[in-house]
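**Q**
Quick look at the structure:
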């Protein structure tokens with residue numbers, strides 16, 4: 016996917032010509048022709064045909080049209096006027112924006128796009144809530160922003176071809192920030208990933224792409240969207256949790272988690288274990304205990320509260336079987352609350368086992384499920400378990416995610432034609448909904464990026480990214496065991512980001528040199544950049560010289576090493592500012608020093624360079640600390656992570 020040609024019509028003709036060169040007179044229709052912001056096309060190919068086309072002169076890469084997914088499962092207060100591009104569609108009649116099948120227009124039949132758009136730039140709406148939960152005045156990060164919507168997702172997912180088409184249009188239209196809460200699929204090379212490619216061209220056009228880190232946590236290297244020219248966002252908690260109590264027929268009460276909007280008015284219902292109610296025509300007790308769709312016998316389950324051995328079925332199977340409610344138990348701890356399409360509560364292993372034993376101990380078990388209660392979470396913010404974790408699977412020394420932001424139990428606008436749970440059979444229709452995911456954290460940062468840009472319209476995407484990262488609030492590694500691989504530089508602080516003091520700037524040339532260091536051929540890089548870019552002769556394959564706002568170093572255990580990071584800081588604060596370096600790092604086998612350790616600026620925009628030298632041996636899996644440049648007014652913080 017190379018840089019665009021000057022003439023769109025010529026580009027489309029070139030695409031047709033390339034297809035004809037490969038297939039001769041055989042008819043192959045070009046399904047998409049990208050010609051506004053970058054150069055590429057979509058065509059149906061066999062694997063053999065794809066290999067043939069990949070070998071053609073002028074081809075950067077050929078990759079499959081894979082399917083992505085949406086990253087969904089009291090916030091910043093800022094004002095500005097810029098344009099934020101969001102994917103997924105939005106419902107224009109929602110109060111939060113003024114403005115049962117898929118629509119071909121950008122209108123939102125799912126709710127996800129409306130939720131993310133209103134989080135980034137929704138208007139003030141008094142009395143917003145989900146059936147009384149989260150009640151108050153709802154407000155997006157930047158209510159004065161203009162939203163440009165490019166619909167790239169449909170009911171069956173988000174195809175790469177549609178993602179590229181939407182981003183091609185967004186870049187051409189001149190948006191200021193791109194917010195994309197989409198990802199997943201297999202890990203792919205930078206030159207074969209649709210979002211990485213499009214965000215590179217966005218960067219060339221002065222547009223920062225903010226993307227969700229993914230909901231595949233807590234496993235390592237599960238992160239999506241990890242290119243250095245885009246900003247990847249993890250999901251952190253807010254101070255609001257939800258608990259849902261269940262009272263059994265033996266009068267014992269257990270407190271689980273869910274967002275249960277239903278009120279059973281203390282009425283008790285018979286209980287049944289899903290494993291005892293298999294739909295024998297389609298399932299066995301082994302699958303019915305999980306309560307997946309079509310696994311339960313409707314005659315046995317109808318009107319009862321069904322106990323399930325996993326929360327993954329999300330109550331859909333129980334609802335379709337006619338259950339009055341569901342109680343789910345899981346082997347893993349559950350640290351957030353989900354919505355369900357019927358009365359529900361979820362329990363950890365211990366409480367779930369007690370409920371299971373009760374159901375099996377009596378011939379007529381009963382229970383009732385209470386409406387949820389809002390509970391204060393005094394430990395917030397911390398990274399939620401579903402948030403995808405680093406390190407970066409392609410370039411581990413580029414620390415990802417970059418930053419964290421609220422992504423759990425977020426109240427925002429909702430499409431009024433989409434049920435609360437977005438499935439048939441759920442008859443609750445609302446204008447505000449509470450959902451969780453890195454899809455929700457991403458637009459918090461997109462709004463903050465737009466806020467920064469409103470103060471600094473000439474700043475590059477890298478400068479805005481740096482401002483957000485270096486002003487982020489440090490998070491507690493004792494709660495987040497994966498530390499920077501979970502939360503990056505820390506928790507979003509948009510007000511401080513507007514006045515960061517220093518920024519680590521970078522441009523297309525810096526990223527080209529980074530790609531050279533990763534071993535990409537000059538021919539491919541020239542096709543991508545559409546210029547005579549060449550790789551420096553001294554490229555050594557490391558990322559130490561990329562002017563990134565964090566420092567990552569991968570090494571071998573107990574093997575002595577020394578690494579020098581080169582960085583350049585640009586003064587965007589006081590004209591005559593003196594910054595002193597402060598290092599915080601655990602004592603042990605590593606030594607870190609900064610040279611020089613004082614930066615004395617004499618003007619705004621002045622650039623001064625320095626080095627960070629890390630040396631020693633690693634006797635732990637991971638050690639982390641930070642470099643803070645301090646002038647008495649600003650604290651410019653960058654994490655330093657050394658890992659095996």
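In the numbering used here, the protein residues as written are 16 to 659.
Note that beta-carbon positions come from the ideal geometry of N, C-alpha and C, so glycine has one too.
Treat the numbers as computed from the prediction; the structure is a model and nothing was measured.
Sort 223, 373, 347 and 58 by Cα distance to residue 400 and report the nearest one.
**A** Position 385 of the chain shown holds residue 400. Among 223, 373, 347 and 58, the Cα nearest to that of residue 400 belongs to 347.
**Q** Using alpha carbons as the reference points, say which of 633, 646 and 476 lies closest to residue 658.
**A** Here residue 658 is taken as the residue at index 643 of the chain shown, counted from 1. Measuring from the Cα of residue 658, the nearest candidate turns out to be 633.
**Q** Taking CB distances under 9 Å as the criterion, tell me whether residue 373 reaches chain B.
**A** Although the question refers to chain B, the structure presented lacks it and comprises just one protein chain.
**Q** Between the stretch 569-589 and the stretch 618-628, are three or more C-beta pairs nearer than 8 Å?
**A** They touch, by the three-pair rule.
**Q** Pick helix, strand or coil for residue 461, following the three-state DSSP scheme.
**A** The residue labelled residue 461 in the question sits at position 446 within the chain shown. DSSP places residue 461 in helix when its eight states are reduced to three.
**Q** Going by Cα to Cα distance, which pick from 321, 223, 493 and 167 is closest to residue 478?
**A** As a working note, residue 478 is residue 463 in the chain shown. The option with the nearest alpha carbon to residue 478 is 223.
**Q** How many angstroms separate the CA atom of residue 314 from the CA atom of residue 378?
**A** Your numbering for residue 314 matches position 299 in the chain shown. Your numbering for residue 378 matches position 363 in the chain shown. In a straight line, the C-alpha of residue 314 is about 18 Å away from that of residue 378.
**Q** Could you tell me the alpha carbon to alpha carbon distance between residue 420 and residue 472, rounded to whole angstroms?
**A** Reading the chain shown from its first residue, position 405 is the one you call residue 420. Reading the chain shown from its first residue, position 457 is the one you call residue 472. Using only the alpha carbons, I get a separation of about 23 Å.
**Q** Between which residues of its own chain and residue 146 is the CB-CB distance below 7 Å, once the five residues before and five after are set aside?
**A** Taking the first residue of the chain shown as 1, we reach residue 146 at position 131. Here the set comprises 276.
**Q** Whole-angstrom Cβ separation of residue 584 and residue 614, contact assumed at under 8 Å?
**A** The sequence position of residue 584 within the chain shown is 569, counting from 1. The sequence position of residue 614 within the chain shown is 599, counting from 1. At roughly 6 Å, the Cβ-Cβ gap stays under 8 Å, so residue 584 and residue 614 are in contact.
**Q** Along the beta strand (DSSP E) that carries residue 304, what are the first and last residues, could you check?
**A** Translated into positions along the chain shown, residue 304 becomes position 289. Counting along the chain, residue 304 falls outside any beta strand (DSSP E), and DSSP gives it neither H nor E.
**Q** Taking residue 452 as the reference, which of 230, 48, 129 and 226 has the closest Cα?
**A** Position 437 of the chain shown holds residue 452. The option with the nearest alpha carbon to residue 452 is 230.
**Q** Would you say residue 156 and residue 465 are within 9 Å of each other, going by their C-beta atoms?
**A** Numbered from its first residue, the chain shown carries residue 156 at position 141. Numbered from its first residue, the chain shown carries residue 465 at position 450. Closer than 9 Å, so yes.
**Q** Taking the beta carbon of residue 476 as the centre, do at least 16 other beta carbons fall within 10 Å, making it buried, or is it exposed?
**A** Counted from its first residue, the chain shown places residue 476 at position 461. Result: buried.
**Q** Secondary structure at residue 506, three-state DSSP: helix, strand or coil?
**A** Locating residue 506 in the chain shown gives position 491, where the first residue counts as 1. It is a strand residue.
**Q** Between the Cα of residue 418 and those of 221, 227 and 533, spot the shortest distance and give me the residue it belongs to.
**A** Here residue 418 is taken as the residue at index 403 of the chain shown, counted from 1. The shortest Cα separation from residue 418 among 221, 227 and 533 belongs to 227.
**Q** Under a Cβ-count criterion, where at least 16 other Cβ atoms within 10 Å of its own Cβ denotes burial, should residue 446 be classed as buried or exposed?
**A** Residue 446 sits at position 431 when you count from the first residue of the chain shown. By the 10 Å Cβ count, residue 446 comes out buried.
**Q** Give me the Cβ distance between residue 328 and residue 305, rounded to the nearest whole Å; I'm assuming they're in contact under 8 Å.
**A** By one-based count along the chain shown, residue 328 stands at place 313. By one-based count along the chain shown, residue 305 stands at place 290. Yes, they are in contact, since the Cβ atoms of residue 328 and residue 305 sit about 6 Å apart, within 8 Å.
**Q** When we look at the beta-carbon of residue 380 and count the other beta-carbons within 10 Å, is it buried (16 or more) or exposed?
**A** Start at 1 with the first residue of the chain shown, and residue 380 comes out as number 365. Answer is buried; the Cβ neighbour count reaches 16.
**Q** Residue 213 and residue 238: beta carbons closer than 9 Å?
**A** As a first step, residue 213 must be located in the chain shown, where it is residue number 198. As a first step, residue 238 must be located in the chain shown, where it is residue number 223. Going by C-beta atoms, residue 213 is not nearer than 9 Å to residue 238.
**Q** If you follow the alpha helix (DSSP H) that residue 66 is in, where does it begin and where does it stop?
**A** Along the chain shown, one-based indexing puts residue 66 at 51. Per DSSP, residue 66 belongs to the alpha helix (DSSP H) from 62-69.
**Q** Can you say whether residue 170 is buried or exposed, counting buried as having 16 or more other CB atoms within 10 angstroms of its CB?
**A** For the purposes of this step, residue 170 is taken as the residue at position 155 of the chain shown. Exposed, by the Cβ-count rule.
**Q** Would you say residue 359 and residue 382 are within 9 Å of each other, going by their C-beta atoms?
**A** Reading the chain shown from its first residue, position 344 is the one you call residue 359. Reading the chain shown from its first residue, position 367 is the one you call residue 382. Going by C-beta atoms, residue 359 is not nearer than 9 Å to residue 382.
**Q** Indicate whether residue 616 and residue 590 have their beta-carbon atoms separated by less than 9 Å.
**A** Here residue 616 refers to the residue found at position 601 when the chain shown is read from its first residue. Here residue 590 refers to the residue found at position 575 when the chain shown is read from its first residue. Closer than 9 Å, so yes.
**Q** Which same chain residues end up closer than 6 Å to residue 411 when comparing Cβ atoms and leaving out the 5 residues on each side of it in sequence?
**A** For this step, residue 411 is matched to residue 396 along the chain shown. Cβ neighbours of residue 411 beyond the five flanking positions: 569.
**Q** CB-CB under 6 Å to residue 388, same chain, minus the five flanking residues each way: which ones, in chain order?
**A** Locating residue 388 in the chain shown gives position 373, counting from the first residue. Within the same chain, residue 388 has close Cβ partners 258.
**Q** With distance defined between alpha-carbon atoms, name the residue in 162, 236 and 55 nearest to residue 207.
**A** On the chain shown, residue 207 is found 192 positions in, with the first residue counted as 1. Nearest option by C-alpha distance: 55.
**Q** With DSSP as the reference, label residue 582 as helix, strand or coil.
**A** For this step, residue 582 is matched to residue 567 along the chain shown. The answer is strand: DSSP assigns residue 582 an E or B state.
**Q** Taking only the alpha-carbon atoms, compute the straight-line gap between residue 507 and residue 566 and give it to the nearest angstrom.
**A** Counting from 1 along the chain shown, the entry for residue 507 is found at position 492. Counting from 1 along the chain shown, the entry for residue 566 is found at position 551. Taking the straight line joining both Cα atoms gives about 19 Å.
**Q** Quick one, which of 647, 652, 645 and 646 has its alpha-carbon nearest residue 664's?
**A** This structure cannot speak to residue 664, because the chain is shown only from 16 to 659.
**Q** With a cut-off of 8 Å, do at least 3 Cβ pairs link the stretch 489-506 to the stretch 526-543?
**A** Segments in contact, no.
**Q** For the alpha helix (DSSP H) holding residue 135, just list the boundary residues, first then last.
**A** Residue 135 sits at position 120 when you count from the first residue of the chain shown. Run containing residue 135: 127-136, per the alpha helix (DSSP H) assignment.
**Q** Taking the CB atoms as reference points, tell me whether residue 126 and residue 391 lie closer together than 9 Å.
**A** Taking the chain shown and counting its residues from 1, the one referred to as residue 126 is at position 111. Taking the chain shown and counting its residues from 1, the one referred to as residue 391 is at position 376. No, the pair does not count as a contact, with Cβ atoms beyond the cut-off.
**Q** Alpha helix (DSSP H) containing residue 531: first to last residue?
**A** The residue you call residue 531 lines up with position 516 of the chain shown. Per DSSP, residue 531 belongs to the alpha helix (DSSP H) from 523-532.
**Q** Helix, strand or coil, according to DSSP, for residue 373 in the structure here?
**A** Within the chain shown, the letter at position 358 stands for residue 373. Helix, per DSSP.
**Q** Tell me the rounded alpha-carbon separation between residue 426 and residue 254.
**A** Against the chain shown, residue 426 aligns to sequence position 411. Against the chain shown, residue 254 aligns to sequence position 239. Taking the straight line joining both Cα atoms gives about 13 Å.
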